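Following our numbering, the numbering of the sequence shown begins with 584 at its first residue and continues without gaps.
Note that CB positions come from ideal geometry on N, CA and C, so glycine has one too.
This structure is a prediction, so every number in the text was calculated from the model and none was measured.
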Amino acid sequence: MKLPVSFNRNRIVLIILSFFLVAGIVLYAGIWHQASAKKNTNLQTERQLSPVDQSERELFEIINQQRKGIHLQSFDPDWNLFRVARIEAKRIASLNSEQPATISKMLNSLGYEGNDSQVFTLHTKKKAESVSELWRKSHQAESLGKIKAPRRIGTGYASGKNGRVWVVLLSTETSTRE
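Encoded structure:
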């Protein structure tokens with residue numbers, strides 16, 4: 584097969600144009616992919632910023648709104664306290680017969696002074712009862728209003744054989760962490 588004369592004359596030009604076309608497509612795909620990767624990374628980062636479940640966050644916000652309502656400083660979230668509170672809530676909700684480390688031992692291992700913390704527990708067997716309703720009914724809601732010192736807070740939630748359980752852990756700012 585014989586190529587047309589115009590092709591032979593412009594072969595170099597066509598090769599260069601083909602090269603630029605392929606390079607342009609690769610470059611465009613690379614830029615597009617990087618932009619979409621950045622977009623997905625931002626979404627993933629936003630989801631990972633908070634290790635707190637919805638129910639735990641809801642109780643945390645209820646407590647801080649209550650404190651703001653009586654003109655007290657809101658509690659600062661502490662992810663270690665959230666973790667310990669969740670472990671304790673799971674233990675209570677599961678009716679586990681094994682006795683794991685107590686809360687004070689867990690807090691001491693994380694650098695908190697065990698005597699410097701308070702634990703509040705909310706428990707219900709009703710599936711329809713909301714955490715805000717349960718918190719309003721509890722006598723513990725009033726006692727948190729009496730705490731004037733700045734504190735760190737963590738809330739935990741679990742459901743199991745023993746119903747739905749929320750645990751609230753408070754610790755003072757003077758813990759030995761860091």
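Simplified DSSP assignment, three categories, for residue i
{"i": "V605", "result": "helix"}
{"i": "W718", "result": "helix"}
{"i": "D699", "result": "helix"}
{"i": "G613", "result": "helix"}
{"i": "S657", "result": "coil"}
{"i": "S726", "result": "helix"}
Element boundaries [alpha helix (DSSP H), containing residue i]
{"i": "L664", "result": "W662 to S677"}
{"i": "L642", "result": "Q637 to G652"}
{"i": "L690", "result": "I686 to S692"}
Contacting residues, own chain, Cβ-Cβ under 6 Å from residue i (five flanking each side not counted)
{"i": "G728", "result": "I653"}
{"i": "T624", "result": "Bear in mind that the predicted position of T624 carries a pLDDT of just 45, short of 50, making it too unreliable to give a figure here."}
Continuous beta strand (DSSP E) stretch holding residue i: start and end
{"i": "A741", "result": "R734 to G743"}
{"i": "S754", "result": "G746 to T755"}
Supposed contact pair residue j and residue i - C-beta distance, whole angstroms, cut 8 Å
{"i": "I736", "j": "F643", "result": "6 Å"}
{"i": "T755", "j": "A668", "result": "At roughly 16 Å, the Cβ-Cβ gap does not stay under 8 Å, so T755 and A668 are not in contact."}
Close beta carbons around residue i, own chain, < 8 Å, minus the five adjacent residues each side
{"i": "I595", "result": "none"}
{"i": "S638", "result": "V714, Y740 and W749"}
| Are the region 735-753 and the region 700-717 touching, with three or more C-beta to C-beta distances below 8 Å? | By the Cβ rule, the region 735-753 counts as touching the region 700-717, because three or more pairs are nearer than 8 Å.
Review point. Can you find at least 3 beta carbon pairs, one from the region 685-697 and one from the region 717-726, that sit closer than 8 Å?
Key: No, because fewer than three Cβ pairs between the region 685-697 and the region 717-726 fall closer than 8 Å, the two stretches do not touch.
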